[in-house]
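Step one of this worksheet: look at the structure below.
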Amino acid sequence: MSKQVHGIYTRPTKRWILLVFFGLILPNIAMIVPRQTDNGKIDVVVIDAGHGGHDPGNLGTGRYSKKEKDVALATALLLGKYISENIEGVKVIYTRTDDRFLELYERTAIANREHADLFISIHCNSGPRSAYGAETFVMGLAREDANLEVSKRENSVIFLEDNYEQNYEGFDPNSPVSNMANTIAQRAYLDQSIEYATLVQNQFKGRVQRRDRGVKQSVLYVLDYTFMPSVLVELGFLTNRSEEDFLITTNGQELMASAMFRAFRDYKNHRDAVSDGIKVDQPQQTIEEVIAVDQSTIEEPEPSVPSFTVQIAVSSSLKELVPQNFRGLDGVSYYKEGRLYKYTYGEYSSLKDAEVAKNEAREAGFEDAYIIAFLGEEKISVSEAERLLQ
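Count along the sequence shown starting at 1, add 14, and that's the number in our numbering.
Have a look at this one:
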């Protein structure tokens, strides 16, 4: 009998290997074979706006009503619009075009059923307030611990679905066994996934001036179960105030969508040329290079600069962050200490600006408002923040 240690199976029996092969791999072998109508060109793209309906995705800083699902949908629709209007002969299919909940297996089923040549899933990241930048994921042949949080977050929507035990029976992102068949099937598409992902990141960095967090690998259901080149794009961190301010705007969404469009145009031109037998010199990243990029972006230290804000109220329950709940003040956020929600007004790089905001808060009726300071996610004293700035 095989033994499991930290999610890795050791000393498997011959009977176990046969069961895995016949039970998991053979049913998926047909998926590896290209469809008969496939001409090798990029004719069909499926664009997936992450989350939706009662699954909002991440909520960002809480300062705005727009959530991850809203930014993802708006950007996805813009990307599809740019492709349809500028590239003749490409069929654009959306997994959703409005604010509806769509189960993960339905998203992959749409792409597989429509015989997509490329699958693009669009999301927004969350993390510490200091984290920022765009990154694009491809399927992970190895289960990398470095990207486990992304895997957990994007796969967690499974548990919002009815009958998820039946719909996702056997899918375990931490198990190399449960995804063995899909790994074999997707291996054929990994190079092309990396090619498009690299073009996307180059556009984000070169044309939109976003921080490049690189092309990464992770265990994501929508990548493991789509049988074509597939990527999951994280546009940026809604939990970072400056990135949130950019991504919730029409201008920000247009810039990110146009970057993905230009990457798609270049990717299609290259793949179509290859299918026509035209030799095109284009450097390809290997899996090892992708992992190297991944590690370098993870280990790169984030800048830590003190910031000031004004604490105005404390509550045992979370209030909706709208002006009418805070005497007309706009730009209220919160942090949590223990079981208490502590509400703050504004975020400033200088104590002088924070003093102005404190006076505004007191004039609005928050007579006990006072200034606090943070270094990244850590709350520090105001005097310590002043010392660090000096």
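Idealized CB from N, CA, C, for every residue including glycine.
This one's a predicted model, so the numbers in the text were calculated from it and none came from an experiment.
Coarse secondary structure for residue i, derived from DSSP in three states
i: Asp62; result: strand
i: Glu216; result: Contrary to the premise, residue 216 reads as Asn rather than Glu in this sequence. Note: Asn216 maps to helix in three-state DSSP.
i: Asn139; result: strand
i: Phe115; result: coil
i: Glu398; result: helix
i: Pro337; result: helix
i: Leu403; result: helix
i: Tyr239; result: coil
i: Glu257; result: helix
i: Leu343; result: coil
i: Ala387; result: strand
i: Ile292; result: coil
i: Asp422; result: Because the chain in this structure spans residues 15 to 404, residue 422 falls outside the shown range and cannot be described.
Supposed contact pair residue j and residue i - C-beta distance, whole angstroms, cut 8 Å
i: Ile385; j: Val324; result: 6 Å
i: Leu252; j: Glu258; result: 5 Å
i: Ala277; j: Val222; result: No, Ala277 and Val222 are not in contact; Cβ-Cβ is about 11 Å, not under 8 Å.
i: Ile107; j: Glu128; result: 5 Å
CB contact check: residue i to chain D, cutoff 8 Å
i: Ala202; result: No chain D is part of this structure, which consists of one protein chain only.
Range of the contiguous beta strand (DSSP E) that encloses residue i
i: Thr358; result: 354–362
i: Phe380; result: It is not in any beta strand (DSSP E) - Phe380 carries neither H nor E in the DSSP assignment.
i: Gly250; result: 244–251
i: Glu128; result: Glu128 -> no beta strand (DSSP E), and no H or E assigned at all.
i: Gln231; result: 226–232
i: Thr323; result: 320–329
i: Val152; result: 148–153
i: Lys105; result: 105–108
Delimiting residues of the alpha helix (DSSP H) encompassing residue i
i: Thr89; result: 82–100
i: Met270; result: 264–289
i: Arg376; result: 365–377
i: Tyr78; result: Per DSSP, Tyr78 belongs to no alpha helix (DSSP H) and is neither H nor E.
message = Quick test of the definition: if touching needs 3 or more C-beta pairs under 8 Å, does the region 59–66 touch the region 130–141?
response = yes
ask   = Is it true that the region 84–104 meets the region 209–227, where meeting means three or more beta-carbon pairs spaced less than 8 Å apart?
value = no
Cβ contact check for the region 65–80 and the region 258–267: 3 or more pairs under 8 Å = yes
The region 350–358 in contact with the region 282–290 per 3-pair CB rule at 8 Å = no
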